[in-house]
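Protein chains in written order, with my numbering: chain D, 11 to 355; chain L, 283 to 474.
We treat Cβ as the ideally placed atom computed from N, Cα and C, and that holds for glycine.
In what follows, a structure is listed as structure tokens, so that the remarks can point back to it.
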């Protein structure tokens, strides 16, 4: 009756989900520290330095502070929405990682069992990622609406407008990758790229670089980072949709923001930089997960680097870039990619 | 002219397409990321030693024989724009000062003082100098009024040291409060 293989399969999946969730929950701790260090050194400062050696314990100090802060709910806020908004912002971004392949499958020697380094290999992986990541915008809109504050509301509205504009070009660039790889499964997309950086979608000339930059720009806009962080523009909106949040609910928003940054870096790596494949063929086998983590780390550094380099775009400029530049570029690029797939290959 | 504008516009378009300005900006910030910081690790490890022209806490000086230079002429208190210096003279022929007239009370109210240095200029005997002590904060008002005996103590940074350097320092937390003790032997120049 009870199928042992099925039970083992379920246990494995639960185990993998727990591991991924634990990693994602703990990632913002080092990332906040790294971000502040990068910020400091770019501005010829040191960054956090006093809590622990080189300030490594600063995130823990911040976490303790946030845990003990009073959780203020404004009196005229929509209480239910206000309380669930941070969760709504956070959960979809975690759910994206269900389909992310961090490495190829491998056999465990001894018990002769195949382990896959991804939770699920959906045949519509790209669609799933775009759909689920798009849901997290509800958290921001709910947060902005429920706070009953003009700053928060404006932040939420800007966020939704930005989302609508940039989701299109983000999806289009994913479509480009799907056309190149002939598959919607993220695992197949990685496998189609193979070892060697010249095989990666990033260098699928001439359309690869264009897709990549469109994806990068749209992704930065999606995760609300500088230069597109209009929803939390502190100059005009004090701090946008999370103006009224404090304590742990604010921490959830921050967590969501950092995990979103990680997820976008991961997507860049999976879609354009060959996932777990090594950049050059090596005689010594290096585990694919090493290459994966290294590439993701480079992208995370890149996002921080950009954050402390560029000023913020004006709102109309943001819309111009989204509608008048990225979408036409996407449309032309789809034609070129299709031509290349049909005629040249 | 027209062709020139067109070619410039084309060049502009291309440079935008390859993110030329963007890359230039990233280069600048990456350069800063690699260069050294300019932070002084005060108070944990380092302390700024000011130049000798620095105007910090007042000091009353003595001559080589250890006699007070102050003759209690009250010119400093007259010159003071905020009226923060109180001098009460008295007669003394025991050789405490260089003249028979010395200060019974020489008091400065640091809350009112604006460290302009007019008292230095007014002093005929160069008795009063604004020193290089700048850690003047305290948790009550007790330290805001400095009196003669305290000001007569030798300065923590000798006149001979030019300053303008960062010295290694120790952060000391004791019964009487906190202080940062600089080690004048180990100094480094600032990198700005």
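Taking a Cβ-Cβ cut-off of 8 Å, residue 68 of chain D has no neighbours in chain L, whose nearest Cβ is about 15 Å from it. Residues of the same chain with a CB within less than 6 Å of the CB of residue 404 of chain L, apart from the 5 flanking positions on each side, are 357, 358, 361 in chain order.
For residue 471 of chain L, the enclosing beta strand (DSSP E) covers residues 459-471. Listed along the chain, the chain D residues whose CB falls inside 8 Å of the CB of residue 308 of chain L are 315, 316, 319. For residue 57 of chain D, no beta strand (DSSP E) run applies, since DSSP gives it neither H nor E. By the criterion of a C-beta distance shorter than 8 Å, residue 324 of chain L is surrounded in its chain by 330, 451, 462, once the five residues flanking it on both sides are discounted. Membership of residue 388 of chain L in the beta strand (DSSP E) is indicated by the continuous run 383-391. For residue 310 of chain D, there is no enclosing beta strand (DSSP E); the enclosing alpha helix (DSSP H) covers residues 298-317. When beta bridges are read from the DSSP output, residue 291 of chain D appears opposite no residue. Within the region 369-443 of chain L, the complete beta strand (DSSP E) segments of 3 residues or longer fall at 383-391, 410-412, listed in chain order. Here the alpha carbon of residue 380 of chain L sits roughly 8 Å from the alpha carbon of residue 345 of chain L. Only residues of its own chain outside the window of five on either side were considered, and among them 394, 395, 396 have a CB closer than 7 Å to the CB of residue 364 of chain L, listed in chain order. Annotation: the continuous beta strand (DSSP E) that includes residue 448 of chain L extends over 447-456. DSSP places residue 41 of chain D in the uninterrupted alpha helix (DSSP H) bounded by 38-52. The beta carbons of residue 175 of chain D and residue 151 of chain D sit about 15 Å from each other, so the pair does not count as a contact at 8 Å.
A direct Cα-to-Cα measurement between residue 280 of chain D and residue 126 of chain D gives close to 16 Å. Nearest to residue 313 of chain L by alpha-carbon distance, out of D/53, D/278, D/35, is D/53. Bridge partners of residue 311 of chain L according to DSSP: none are assigned. Within chain L, the residues placing a beta-carbon under 9 Å from that of residue 48 of chain D are 315, ordered along the chain. With respect to the C-alpha of residue 93 of chain D, the residue from D/81, D/241, D/103, D/297 having the closest C-alpha is D/81. Taking every protein chain shown into account, the CB of residue 328 of chain L has 16 or more other CB atoms within 10 angstroms, so this residue is buried.
By the Cβ neighbour-count rule, residue 160 of chain D is exposed, with fewer than 16 other Cβ atoms within 10 Å of its own. The region 319-332 of chain D makes no contact with the region 127-143 of chain D; the number of CB pairs closer than 8 Å stays below 3. Note on residue 194 of chain D: 16 or more other CB atoms within 10 angstroms of its CB, so buried under the neighbour-count rule.
Here residue 343 of chain L is buried. Its C-beta has 16 or more other C-beta atoms within 10 Å.
With a contact defined as Cβ atoms closer than 8 Å, residue 353 of chain L and residue 370 of chain L miss out at about 13 Å. The residue among D/162, D/303, D/269 with its C-alpha nearest the C-alpha of residue 36 of chain D is D/269.
In this chain, the beta strand (DSSP E) harbouring residue 329 of chain L covers 328-331.
In the displayed model, residue 201 of chain D falls within a helix according to three-state DSSP. Bridge pairing for residue 117 of chain D: D/124 [DSSP].
Taking C-beta separations shorter than 6 Å and ignoring five residues to either side along the sequence, residue 315 of chain D has no partners in its chain. Considering only D/351, D/303, D/186, D/67, the residue with the shortest C-alpha distance to residue 275 of chain D is D/303. DSSP places residue 244 of chain D within a helical segment (H, G or I) once states are collapsed to three.
Between residue 101 of chain D and residue 138 of chain D, the C-beta spacing is not below 8 Å. With a threshold of 8 Å between beta carbons, residue 327 of chain D makes no contact with chain L. Per DSSP, reduced to three states, the secondary structure at residue 341 of chain L is strand.
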